[in-house]
Amino acid sequence: MKPFKVTDLPKHITYQMTAIPSDDARVSGTPDKTPFNKQEAAEVHYLITRFASAKRLKLKKSLVKVAEVIHAELPKEQKTQIEAMKWLQANWNKF
Numbered sequence: 001m002k003p004f005k006v007t008d009l010p011k012h013i014t015y016q017m018t019a020i021p022s023d024d025a026r027v028s029g030t031p032d033k034t035p036f037n038k039q040e041a042a043e044v045h046y047l048i049t050r051f052a053s054a055k056r057l058k059l060k061k062s063l064v065k066v067a068e069v070i071h072a073e074l075p076k077e078q079k080t081q082i083e084a085m086k087w088l089q090a091n092w093n094k095f
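Spelled out as structure tokens, the structure:
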């Protein structure tokens, strides 16, 4: 499978495309208490790739589905990377 890129995010969802350095905590390392912005393409891409790795998701359509779930279903109360990741892990089977 080809690597999942930011440009592979669903086109029907509007994302901010802020240039974020690759060593920025919002898009590197392990998900932690760093604030998570589900409107920011790079942050969503980062969370998708981390979640996909943990769940061993490989198909592009599965990764696009993660983006759609984040966009439509992730509660506003999930404000950090780790909260968003835990929510995805706990709720993924519902989708």
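Quick note on this note's numbering: the sequence shown kicks off at 1 and runs consecutively.
Glycine residues also receive a C-beta, built at the ideal position from the N, C-alpha and C atoms.
Look up Pro35 in the DSSP assignment and give the residues it is bridged to. For the purposes of this step, residue 35 is taken as residue 35 along the sequence shown, with counting starting at 1. Partner(s): Thr80.
Please identify the residue among Lys76, Lys60 and Asn91 whose C-alpha is closest to the C-alpha of Lys2. By one-based count along the sequence shown, residue 2 stands at place 2. Cα-wise, what sits closest to Lys2 is Lys60.
For Ser28 and Glu73, I'd like the C-alpha separation in whole angstroms. One-based indexing of the sequence shown puts residue 28 at position 28. One-based indexing of the sequence shown puts residue 73 at position 73. Cα to Cα, the separation comes out at about 24 Å.
May I have the straight-line CA-CA distance separating Val44 from Glu77, to the nearest angstrom? Counting from one through the sequence shown, the residue named residue 44 turns up at place 44. Counting from one through the sequence shown, the residue named residue 77 turns up at place 77. Taking the straight line joining both Cα atoms gives about 16 Å.
Going by the DSSP bridge assignment, what does Glu40 pair with across the sheet? By 1-based counting over the sequence shown, the position of residue 40 is 40. Answer is Gln16.
Which class does Leu57 belong to by DSSP, given the choice of helix, strand or coil? Indexing the sequence shown from 1 puts residue 57 at position 57. Reduced to three states, the DSSP call for Leu57 is coil.
Can you check which of these residues, Thr30, Thr7 and Ala41, is closest to His71 by C-alpha distance? Taking the sequence shown and counting its residues from 1, the one referred to as residue 71 is at position 71. It is Ala41 whose Cα lies nearest to the Cα of His71.
Is the distance from the Cβ of Val66 to the Cβ of Phe51 below 8 Å? Taking the sequence shown and counting its residues from 1, the one referred to as residue 66 is at position 66. Taking the sequence shown and counting its residues from 1, the one referred to as residue 51 is at position 51. Contact flag set, yes.
Kindly indicate which three-state DSSP category Phe4 falls into: helix, strand or coil? Indexing the sequence shown from 1 puts residue 4 at position 4. Correct three-state label for Phe4: coil.
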